[in-house]
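**Q** I am attaching a structure below and will ask some questions about it afterwards.
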Amino acid sequence: MAPSWVFMQDDASINRAKRTFQWFDEEEVPLLEWPAKLPDLNPIEHLWGILARTVYAHQRQFKDVDELLEVIMEAWDEVSEECLEKLVRSLQKRSFECVMAKGGPTKY
Numbered sequence: 001m002a003p004s005w006v007f008m009q010d011d012a013s014i015n016r017a018k019r020t021f022q023w024f025d026e027e028e029v030p031l032l033e034w035p036a037k038l039p040d041l042n043p044i045e046h047l048w049g050i051l052a053r054t055v056y057a058h059q060r061q062f063k064d065v066d067e068l069l070e071v072i073m074e075a076w077d078e079v080s081e082e083c084l085e086k087l088v089r090s091l092q093k094r095s096f097e098c099v100m101a102k103g104g105p106t107k108y
């Protein structure tokens, strides 16, 4: 039975590895097609920004990868469901802005 969700990734070259697509196909993971380098419309890019600002608040430095990973996981735990819903709800407005900018940059 296919999952009731769709996996979203952009079309950046790092996500285009043959083995990656083979795994998605084998596991029957449905993929949402998404143009490369279109951060204005990609909510995950905005989520990465939120996480990065939290992780590196006050120009914090980390002693090792384990400490950095721990802080990243703590930052992820702090992201509220409301924040995620807001990012998704903003897609309609972002899409409109992108169309009005004829595919050019937007305020997002």
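For the sequence shown, UniProt numbering assigns the number 1 to the initial residue and increments by one for each residue that follows.
Heads up, the beta-carbon is just placed ideally off N, CA and C, and yes, glycines get one too.
Predicted, not measured: the structure shown is a model, and the values here were computed from it.
1) Going by C-alpha to C-alpha distance, which of Lys107, Ala101, Leu91, Leu69 sits closest to Asn42?
2) Is Phe7 near the ligand NAP, with its Cβ less than 7 Å from a heavy atom?
3) How many angstroms separate the CA atom of Leu84 from the CA atom of Arg19?
4) Could you check what DSSP says for Phe62 in three-state terms: helix, strand or coil?
5) Can you find at least 3 beta carbon pairs, one from the region 47-55 and one from the region 66-83, that sit closer than 8 Å?
**A** The relevant details are as follows:
1) Leu91
2) You won't find the ligand NAP in this model; it holds no ligand whatsoever.
3) 30 Å
4) coil
5) yes
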